[in-house]
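Residue numbers (our numbering): 20 to 186. Reviewing the structure listed below.
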């Protein structure tokens, strides 16, 4: 695991922190992964990076986010975040290039929310997918810019797989 990139909301930072435990892998906070903005306060209600760092010591404050900390307005509906998520993924791909054929692929873990994960499914594999809470989706680049979905909304790691609420 090379990079852990997380939405700035507490619930995703808590999840990433629990996943990483004592692995000493820094958390890179990325506003481009926040929930659909039509469901958020204006501006979105997340704390400053400095405050988040006090709560989550694994945060790497030197990480420069792809998207600005104050995000522009978006349309209404879950799919309105798709453009923002696409820009975020493009920025991450440019920042962390890898070549699977030369064994230099970078492994990224993104911790986000329902609408952005649905958008990631659409962007990488062509169809929107609502996933359950606390589930895992895994995409592997098989050719430059082409992805294979290996897992989607997998909940096998959860002891209680009820009420995951995939919309």
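Don't be surprised by glycine CBs; every beta carbon is placed ideally from N, CA and C.
Residues near residue i in its chain [Cβ-Cβ closer than 7 angstroms; skip 5 each side]
i, result
"residue 110", "85"
"residue 99", "55, 57, 93"
Beta-carbon proximity list for residue i, same chain, < 6 angstroms, skipping 5 on both sides
i, result
"residue 65", "27, 28"
"residue 135", "52, 100, 104"
"residue 168", "144, 158"
"residue 180", "174"
For residue i, the residue or residues it bridges with in DSSP
i, result
"residue 69", "Answer by DSSP bridge pairing: none, since residue 69 is not bridged."
"residue 128", "23"
"residue 78", "46"
Endpoints, beta strand (DSSP E) assigned at residue i
i, result
"residue 24", "22–25"
"residue 48", "46–48"
Unbroken alpha helix (DSSP H) run spanning residue i, endpoints
i, result
"residue 93", "It is not in any alpha helix (DSSP H) - residue 93 carries neither H nor E in the DSSP assignment."
"residue 113", "101–114"
"residue 29", "29–39"
Own chain residues within Cβ distance below 8 angstroms of residue i, not counting five before or after
i, result
"residue 96", "55, 57"
Complete beta strand (DSSP E) runs within the region 139–174 (minimum length 3 residues, chain order): 155–162, 165–173
Cβ contact check for the region 29–43 and the region 124–136: 3 or more pairs under 8 angstroms: yes
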